[in-house]
Amino acid sequence: DGGITQSPKYLFRKEGQNVTLSCEQNLNHDAMYWYRQDPGQGLRLIYYSQIVNDFQKGDIAEGYSVSREKKESFPLTVTSAQKNPTAFYLCASSIRDPRTGAGELFFGEGSRLTVL
Amino acid sequence: LAKTTQPISMDSYEGQEVNITCSHNNIATNDYITWYQQFPSQGPRFIIQGYKTKVTNEVASLFIPADRKSSTLSLPRVSLSDTAVYYCLVWQLTFGSGTQLTVLP
């Protein structure tokens, strides 16, 4: 079935360590996104990519990095520079230009990162 | 970026119609209005999208007035399983805080 796969579902990290969250889609979508969600809060955009080898910072990009070497994959690295990395991370993709808002976002099931 | 304003929470009873209104005063000419539903520890799911007037699908209706500065999501005959957070987006990338809908028996 087509969809978005995020892994791992749960991840624990020690302070000072970098960690990479995987996001893979087989929907043939051009655009992909990473969001962060804290308890009781809405989703905040970290990075998005409209095409391979190109990506833009979202509202809270500091302490994060991404790459888009393949259309299907958009991994997110949470670096040690991220002050409060404990959160629920959601990856999404869409077929349309994110600047117009047309089309829908398809989300993965999320990755929950806990920093010990 | 366009910003949305929604009620923080709403309560309803099973079988009732629920209307959630979203304010988006700064909506741009090309912006679509999209609503998502999110259950705890899951990714949001698309409910409905519209540009103007009224849109209806098998689960909801979306009402958009002529000035497009607000929109109303209508859920007919809600059930307990509709308890969730509902988000209104007027630009693909920007989520607000959402509305926690609680359906009571």
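As you go down the protein sequences, you meet chains A and B in turn. Note that our numbering numbers the first sequence so that position 2 is 2, with each residue one more than the last. When you read off a place in the second sequence, starting at 1, and then add 1000, the result is the number in our numbering. Where is the CB? At the ideal position from N, CA and C, for every residue including glycine. All of these numbers come straight from a predicted model, not from anything done at the bench.
- Proximity of E104 of chain A to chain B, defined by a Cβ-Cβ separation below 8 Å, is satisfied.
- Taking C-beta separations shorter than 6 Å and ignoring five residues to either side along the sequence, the partners of R112 of chain A in its chain run Y10, F88, following chain order.
- Put simply, the backbone Cα of K70 of chain A is about 10 Å away from that of Q25 of chain A.
- Shown in chain order are the members of the stretch 1042-1070 of chain B whose Cβ falls below 7 Å from a Cβ of chain A: Q1042, G1043, P1044, F1046, Q1049.
- At least one CB atom of chain A sits nearer than 8 Å to the CB of F1095 of chain B.
- In this structure L43 of chain A is buried. Its beta-carbon is surrounded by 16 or more other beta-carbon atoms within 10 angstroms.
- For Y1032 of chain B, a Cβ of chain A is located within less than 8 Å of the residue's own Cβ.
- Interface with chain A (8 Å Cβ-Cβ cutoff): Y1087 of chain B is included.
- By alpha-carbon distance to T114 of chain A, the top candidate from A:G2, A:E15, A:I51 is A:E15.
- When B:Y1087, B:C1088, B:S1081 are compared, the shortest CA-CA separation from L1104 of chain B is found for B:S1081.
- At a cut-off of 8 Å between beta carbons, G2 of chain A makes no contact with chain B.
- Taking a 10 Å sphere around the C-beta of E104 of chain A, we find 16 or more other C-beta atoms and assign the residue as buried.
- For N1019 of chain B, DSSP records a beta bridge to B:S1074.
- Under the 10 Å beta carbon count, R1077 of chain B is surrounded by fewer than 16 other beta carbons and is classified as exposed.
- The continuous stretches of beta strand (DSSP E) do not include A102 of chain A, and DSSP gives it neither H nor E.
- Residue burial annotation: T20 of chain A is exposed, with fewer than 16 other C-beta atoms found within 10 angstroms of its C-beta.
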